[in-house]
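Quick note on numbering: numbering that gives the first Met the number 0 labels position 645 of the sequence shown as 644, and the sequence is numbered without any gaps.
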Amino acid sequence: MTSPAEPEPAGQRIDRSTVLGDVYQIGEVHGDMTIHRAPRVRSAYLHQVRRIAPERLEDREEELEELAAFCTEEGHGPYAWWRAPAWAGKSALMSWFVLNPPEGVDIVSFFVTARWASQDDRVAFTEVVMEQLVSLLDTEMPPFLTETTRAAHLLGLLDRAAAACAERGRRLVLVVDGLDEDRGVVAGPETRSIAALLPERPPSGMRVVVAGRGHPVMPSDVPDHHPLRDPAVVRSLAPSPRAQVIKVDAERELKRLLHGTGPERDLLGLVAAAGGGLSAADLAELTGLDEYEVGDQLRGVAGRTFASRRSRWAPDDLPDVYLLAHEELQRTAVGFLGGKRLHRYREAVHGWAGRHRRSGWPEGTPEYLLRGYFRLLQSTGDIERMVACATGRLRHDRMLDITGGDAAALAEITAAQEALAAQPEPDLLALARLAAHRNRLRDRNADIPVALPAVWAALGRPVRAEALARGIPIRHWRTEALIGVAAATAASGRTEQAVTLARDIGHPEAMLAVADETARRGAWHRAVALARDISHPHTRARALAAVVRRMGTGGSPEEAAALLDEIEGLLPQATDLISPVRVPAAAALAAASAGDGARAMAFAGQAETLLSTGYSAFVPERRADALIHLVRAWLASGDDEAAASLMGEIETIAAGADSVASRVRLLGDLAAALADAGNPVRAAMVATDADSLARNASGGDAALAAAVDAWIAVGDRGRARELAGMLGEPHLRASALSVVARACAEAGDADALPLALRAEELSRGAAGGSGEAMALAVLARALAATGDRDRVTALAARIDGLVNRVGRSVTRATVLIELLRALAATGDLTRAGAIRDLLAGIPDPDARAALCGDLATALATGGDYKGAERVVEDVPPRVRFPALAATCGVMARRGDHDRAVATAARIGGLFERAEAYGDLLRLAWPDRPGHAAALIGRIEDLAGRGVNPVEREAVTAAVAHALAVKGEHDRACSIADGLTEPWARAGALADVAAAIGARDPARTLQLTGAVEEVIDEVHAPPVLIRVLVTAARAAVALGDGDRALTLVARVADENRSAGLSRIDDPFDPGARRLVDALAELAAAVPAAPAQALIAQAFAIWHWSTPLCGLARVDPVALAALADELPAGP
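Structure, rendered in structure tokens:
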């Protein structure tokens, strides 16, 4: 490692016309603003190592030679573990070695110690080591690190750094000292140790040196085959005589201080009680001494008892902090101080923190109170104060000001949740408050436009870009935004950084985008390699086609022909379930670009065949999307007549679309196809039609936003910007401005920066009070379930005061519908008319359909069936299923079974209709046997009408479930066992087991065992999670709580493996099923495990979702939560 460069200033005041450096955090922009710059990281950690290292290392020549040989010579294993007792000089040896590495070795290091606040766990380890690695690689720190992603980012950076060192003929070495002081090592399965993060197979010749005391306890999370478990890696270190002299002197001086003057005792007591990390100014405030007096006292004994280190968060702006000079001194001081004096000093620290809290955590709040203090609370088990810190809004806002992110705040929340969940009787109210605050932090980026992060990447701000993208809470939008960032990063020439990001995203479209942009820059061979790296055949084929298109006629004809052969070979495997036409259409475009007209015509013909066979029965807009691909293929192939015919059909479909916005979108897609085909005049004409339609019809902002896309597609940024300025809803205007800004950035237009700033300003202001209003509405519904009408009414008044501040009409409608669902239980449907008027103005048909379904459910719950049916009629037929299913379920629960069946019969999809009939059957049996038998007949009829194998298997599984509900167990089991697809068989067996339940315990037990046998063949996480949840419900029905909890634990494991742990996306179906199952199981098991289940639900999901479970388990806590939200500072 080289010495770190001087860091750049943390922030500066600028006007809106000038932005310099990498900007990674911004608030709302009104006039001038303060931005935080994010230069490439230059690790300051060596400054800390220098403060550990002795001025002179004596009598360690032999050990240094052995360390050098281990790091430089071949024939050694990847690990060496040096062990010695306390005061042996381990840290002195390791710090000296880090500062004086052998030739050809690059060292990154971490010194584990509880004396330095926040330097003794895996969070600190990953943060410090990653900072050094990105400095070594001359790249940026990965943004938005979470408990879920931190380890993966660390291992990825170790791979890259080790490979980079090897390419330069050097070796990367990781040194970790004090492994025995890791605070993450605890008894039992909850251990999350630093040792477990060390790579099992260090890459590219990397070596790892660890040091610690003799006979350590191996952390339980270290795998059995990890090299640290191999006794051969251990090397004993003899104590240094010099270290023993230092020990005697330091302990003598410590005893003198303990019996010294009042100020000496106080300084020692406060530093020891706080766990280190207090500055001279902090100690002056705590003791009443002048700061210079504190400095004199500390400098007088600094060589023996006290040590200093730089601020962790702002080393150039904040003062140095003090700690005891050795871990043993810390332990000895705490022991000598004893219970009473230690308590008195800690109470002084608590009082100091309380004063800052009451002042609102003002600017200038000491770093210790924002960083080290929470660790003190953790180490002393002060859960009440931990929760207070972790739910402090103003405190976390101050931390954001200093650090530029919420990672530290989120880590505090996680730690507090874990501490509470480990209690025999978890405080569910505190857990709910923590979860609510966690979601407040997540909501900071809720309305960031999907296109905006790519703008910042194109402007050369990749850190800001990725941080914005990762902050988007809805998963598929977050993925789309990250793909845009990867593409823009590749377009700017940072190919390897883009590849790393694409692999981290894990979606095949990400690597396709990177390969496309890499080919655009002329790096065709690298682009081909990236395309071939994609495992999905249809995406790989499209990526190779994109590369051939970029090559055009400028590449080798032989290479182009070979790639076209490769694409053709992939076509039989490239079964794209979303749009099968895309792959051969892309191949036609590639062939035409390569000058192979005959082959282009052949590929286009294949696409035409697929269209005629696969899309004839599809809804019109899906068919139009496929037609666009085929139009592109025929235009590229030169068959203008065939293209014109298809364009006529697209225009016909557009004319009959459900909404003006959909019509404008289809015209925009057509304009884009014409522009790409080199027909700018016709493209502009179609874009003009789209513009006129958006301006003159009643399409609202959504239609205008679609017209913006049309103008961008034909290259007219001026008209696009004009339309964007006309949008009324802030979030839509922000999205439209982001699209324009991205086009400007790609064109090198200086307008990109001010447009991006304005888009971000609008998006951050768009949410208004939506998060709080929605939380209160969900809380009201949970309270309604307990019959607490007074609190529901009080919450309704608070929501009415917040909802008008919400900018997005969709969000406003969502809040009001959720409130209506709460009030429906009291018969209050007075808000329904206003909500219907609001929904009528929402142009997006899908959003409007979903909201209409919720409104219909609320109206049916309140007994207004006719109103519910009128609302459903407003929903387009193609998206009517959720509304109809929800409405018919409410009707059946209220006893109107005939009306419920008639409503279900209007559902279009066979499987969806079968599901609805099954739900009605469960409500009808056993009280209405004739009704149940008729429903089974309907489901069996649907099974015989399935048009493809997937649909037939799904509906047949529904038949098995229905028969089990009715009591025909033998027949149900036979049908379920006869299904051929593992996902269908596992699902049916689980459904049948849950339906039979306690009626036939032996059979239910047999079925759950069969589910567990087949479950490993189910690979789709959402399906797997649903099956496990259903099997857990069957175990609950048998009274087998332990088995149910085991199955739920596996659900949680699958959730984590699917990337669903600690969910940001409130609409993720897999995690939602998990939380629903946790709440259901909580209602069926005794109080203690029930509390643990609800605690787990709060830890992994949007805080509002487990509230109904909380209502059943602890209604008093729910009422208290209603009384205190929103939380104070």
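Beta carbons are placed, not taken as given, at the ideal position from N, Cα and C, and that holds for glycine.
Query: Close-in-space but distant-in-sequence residues of the same chain around R797 (CB under 7 Å, 5 per side omitted); Result: L775
Query: L801 and A779 closer than 7 Å at C-beta; Result: no
Query: C-alpha distance - L645 paired with E607, whole-angstrom precision; Result: 10 Å
Query: For R927, the nearest candidate out of E911, K965, A487 (CA to CA); Result: K965
Query: Terminal residues of the beta strand (DSSP E) in which S737 lies; Result: It is not in any beta strand (DSSP E) - S737 instead sits in the alpha helix (DSSP H) that spans 729–746.
Query: Secondary structure, alpha helix (DSSP H): runs of 4+ residues fully inside the region 504–572; Result: 507–519, 523–531, 536–550, 556–569
Query: Rounded C-alpha distance that separates A352 from A414; Result: 19 Å
Query: The region 755–764 in contact with the region 785–792 per 3-pair CB rule at 8 Å; Result: no
Query: Short Cβ contact (7 Å threshold) for A1043 with L1006; Result: no
Query: Per DSSP, cross-strand counterpart(s) of V172; Result: I106, R206
Query: Terminal residues of the beta strand (DSSP E) in which V870 lies; Result: First-last for V870: 864–872, but that is the alpha helix (DSSP H), not the beta strand (DSSP E).
Query: Distance between R206 and P38 (C-alpha atoms, nearest Å); Result: Only weak support is given to the placement of P38: the predicted model assigns it a pLDDT of 32, under 50, and the question is left unresolved by the model.
Query: Touching by the beta-carbon criterion (3+ pairs, under 8 Å), the region 370–389 and the region 283–292; Result: no
Query: Pairwise C-alpha distance: A701 and L731; Result: 7 Å
Query: Nearest candidate by alpha-carbon position, reference A1034, set A997, V1022, G276, L266; Result: A997
Query: C-alpha distance - L1023 paired with G74, whole-angstrom precision; Result: 46 Å
Query: Whole-Å CB distance - L634 paired with A672, under 8 Å assumed; Result: 7 Å
Query: Pick from G852, P507, D690, S134 that is closest to L838, judged by C-alpha positions; Result: G852
Query: A431, enclosing alpha helix (DSSP H) - first and last residue; Result: 427–441
Query: In DSSP terms, what F305 is bridged to; Result: L323
Query: Alpha carbon of W86 to alpha carbon of D265, nearest angstrom; Result: 26 Å
Query: Strand pairing of S90, partner residues [DSSP]; Result: Beta-bridge pairing links S90 to no other residue.
Query: Closest residue to R55 among E65, E1123, G88 (Cα-Cα distance); Result: G88
Query: Distance between A306 and T331 (C-alpha atoms, nearest Å); Result: 16 Å
Query: Under 7 Å between C-beta atoms of I938 and A904; Result: no
Query: Whole-number beta carbon distance between A689 and A670, since they are thought to touch under 8 Å; Result: 7 Å
Query: At least three beta-carbon pairs within less than 8 Å, the region 480–489 to the region 448–463; Result: yes
Query: Best match in P448, P461, A891 for proximity to I471 [C-alpha to C-alpha]; Result: P448
Query: Cβ-based neighbour list, C70, same chain, cut-off 7 Å, excluding 5 preceding and 5 following; Result: P101, V104, R170, V172, R206
Query: Through-space distance from L543 to G551, alpha-carbon basis; Result: 13 Å
Query: 8 Å contact criterion, which Y78 and V232 should meet: CB distance rounded; Result: 4 Å
Query: Inter-stretch contact at 8 Å, needing at least 3 Cβ pairs: the region 194–203 / the region 151–168; Result: yes
Query: Own chain residues within Cβ distance below 6 Å of A1110, not counting five before or after; Result: A781, A784, T785, L1117
Query: Outcome for H214 when other beta-carbon atoms lying within 10 angstroms are tallied against a minimum of 16; Result: exposed
Query: Segment contact flag, the region 818–833 with the region 739–757, C-beta cutoff 8 Å, min 3 pairs; Result: no
Query: Beta bridge counterpart(s) of L277 as assigned by DSSP; Result: Y321
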